[in-house]
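Student:
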Amino acid sequence: MNPNTQTQVTQTLTGMPPVVGVVMGSSSDWDVMQHAVHVLKQFGVPHEARVVSAHRMPDDMFAYAEEAAGRGLQAIIAGAGGAAHLPGMLAAKTTVPVLGVPVPSRHLHGQDSLLSIVQMPRGIPVATFAIGESGAVNAALFAVAQLALSDPDLATALNAYRRSQTKAARQMELPR
Ligand code: RP5
938 MNPNTQTQVT QTLTGMPPVV GVVMGSSSDW DVMQHAVHVL KQFGVPHEAR
988 VVSAHRMPDD MFAYAEEAAG RGLQAIIAGA GGAAHLPGML AAKTTVPVLG
1038 VPVPSRHLHG QDSLLSIVQM PRGIPVATFA IGESGAVNAA LFAVAQLALS
1088 DPDLATALNA YRRSQTKAAR QMELPR
């Protein structure tokens, strides 16, 4: 693994400041979190993706959260596995909405991640999504829906995406 990976920032739409931040506790989360990035790319949402580990780089995590609003982020999609405190700790330091994605863990298959993220005490909310790829995709779609409230073109694209799912479902065939 490239030793610089931990501090690399993937600016996927160059020239436009990101409005959604996708962060994860480890590069090992990328297999899951890349699905959130794929959706944001699909909708043309300016975003960034980077590793921000709560327990390995806590100062960076706090800085990321503290700077999020000032940098124009409107949502932070945060994926983590195991004792997954990244989404909650980010939410503790920013009022930018945090969307938590539980990453499947080696021993408990992500149930630990899910419970760690979803069981936030009252007062500091984290919107928690399904374990794994579906959660990553839905977190990105949720961010798109939030942005679409003030972006008619994005709303049109989101409605078209929904219609394409309906069309695909209607064309589904079962084995004879
Ligand atoms: C968490 O620990 C990460 O979010 C990851 O899911 C898990 C394991 O990290 P690695 O040991 O694979 O780097 O912080």
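Residues 938 to 1113, numbered by my numbering, are exactly what the sequence shown covers, in order. Beta carbons: idealized from backbone N, C-alpha and C, even for Gly.
#1: With a threshold of 7 Å, establish whether the CB of Ser-963 neighbours any heavy atom of the ligand RP5.
#2: Can you tell me whether Ser-1101 is buried or exposed? The criterion is at least 16 other CB atoms within 10 Å of its CB, across all chains shown.
#3: Using a threshold of 7 Å, is the CB atom of Val-974 nearer than that to any non-hydrogen atom of the ligand RP5?
#4: Report back the beta-carbon spacing between Val-957 and Leu-1027 to the nearest angstrom; my notes put them in contact at under 8 Å.
#5: Out of Val-959, Gly-1069, Val-1081, Ala-1002, which one is the CA nearest neighbour of Arg-987?
#6: I'd like to confirm something about Gly-1019: is its beta-carbon nearer than 7 Å to some heavy atom of the ligand RP5, or not?
#7: Kindly provide the ranges of any beta strand (DSSP E) runs that are 3 or more residues long and lie completely inside the region 1025 to 1112, ordered along the chain.
#8: Could you give the uninterrupted runs of the alpha helix (DSSP H) lying entirely in the region 985 to 1027, keeping only those of 4 residues or more?
#9: Which residues bound the alpha helix (DSSP H) around Val-969?
#10: Where Gln-979 and Gly-1019 are concerned, what is the direct C-alpha to C-alpha distance, given to the nearest angstrom?
#11: Alpha carbon to alpha carbon, how far is Val-1081 from Ile-1013? Give it in angstroms, no decimals.
#12: In the DSSP assignment, what residue or residues form a beta bridge with Val-960?
#13: Does any heavy atom of the ligand RP5 sit closer than 7 Å to the C-beta of Gly-996?
Tutor: From the atom records:
#1: yes
#2: exposed
#3: no
#4: Actually they do not touch by this definition, with Cβ atoms about 13 Å apart.
#5: Val-959
#6: yes
#7: 1035 to 1040
#8: 995 to 1005
#9: 967 to 979
#10: 29 Å
#11: 12 Å
#12: Arg-987, Ala-1015
#13: The sequence given here has Asp at residue 996, not Gly. False, no ligand heavy atom lies under 7 Å from that Cβ.
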